[in-house]
Ligand SMILES: [Zn+2]
């Protein structure tokens with residue numbers, strides 16, 4: 008089964024992705040990881056991608072698709088979660104064509120809908136340990152050690168990414184960039200929406216049902 012998870016930063020997409028990997032044996036395809044691996048291994052496509060990056064250019068879609076194709080061959084038979092790809096309608100179309108050649112397809116696209124106000128509330132209260140990366144929240148998950156991390160005593164910081172103006176700008180960008188891709192999959196008939204303002208357990212149950220997986 009191949010699925011795509013689409014959601015703005017902070018929508019809980021990463022958390023859910025990890026749960027599906029752990030519970031159902033999905034592998035996650037992140038194009039950034041696939042690209043880095045191909046470059047490190049100096050594969051033909053990796054070197055080609057590198058040559059574009061060396062010129063300060065974006066790696067063209069057909070090169071990315073070729074890398075994705077190679078990854079799927081490596082992971083043959085496994086269920087794949089696409090994360091952060093496709094980003095555009097052109098990439099979505101190329102992905103469809105590539106999968107068709109493999110007698111495969113995208114079964115479901117799960118779109119994590121968020122209420123911007125709730126997201127802002129969630130993220131502006133977030134505090135991150137500057138040493139180990141543990142995440143706290145001033146309301147829902149405060150550290151028992153105040154401004155220090157419970158695990159490593161590192162100082163907790165309010166990351167610039169988690170400030171309201173930055174979050175609103177990021178959401179606006181996300182909608183602008185991703186809106187057409189979401190509509191593409193809606194027309195294709197395999198888009199499912201989940202309300203990601205709910206508890207992670209509830210979201211997990213809903214996605215499990217959407218995918219027709221037994222719990
Ligand atoms: Zn820590």
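Residue numbers (this note's numbering): 8 to 222.
Beta carbons are placed, not taken as given, at the ideal position from N, Cα and C, and that holds for glycine.
Since the model is a prediction, treat every value here as computed from it, not as a measurement.
- Beta-bridge analysis with DSSP links residue 32 to no other residue.
- Under DSSP, residue 162 takes part in a beta bridge, and its partners are 155.
- Taking one beta carbon from each stretch, the segment 84-92 and the segment 37-46 have 3 or more pairs nearer than 8 Å; the two touch.
- Residue side-chain check: residue 152 keeps its Cβ at 7 Å or more from all non-hydrogen atoms of ligand 1.
- In the three-state scheme derived from DSSP, where H, G and I count as helix and E and B as strand, residue 167 is classed as helix.
- Residue 24 places its beta carbon less than 8 Å from that of residue 12.
- In the structure shown, residue 120 falls within a strand segment according to DSSP collapsed to helix, strand and coil.
- For residue 46, the enclosing alpha helix (DSSP H) begins and ends at 38-47.
- Counting every other CB atom within 10 Å of its CB across the protein chains shown gives residue 208 a total below 16, marking it as exposed.
- Per DSSP, the beta bridge partners of residue 201 are 119.
- Shown in chain order are the residues whose CB sits closer than 5 Å to a heavy atom of ligand 1: 136, 138, 139, 141, 156, 158, 159 and 161.
- Between residue 54 and residue 64, the alpha-carbon positions lie close to 14 Å from each other.
- Under DSSP, residue 89 takes part in a beta bridge, and its partners are 11 and 36.
- In the structure shown, residue 94 adopts coil according to DSSP, grouped into three states.
- The beta carbons of residue 99 and residue 74 sit about 16 Å from each other, so the pair does not count as a contact at 8 Å.
- If you ignore the 5 residues before and after residue 50, its C-beta comes within less than 8 Å of the C-beta of 77, all in its own chain and listed in chain order.
- Of the residues 154, 61, 220 and 205, the one whose Cα lies closest to the Cα of residue 164 is 154.
- For residue 127, the closest alpha carbon among the candidates 175, 31 and 57 is that of 175.
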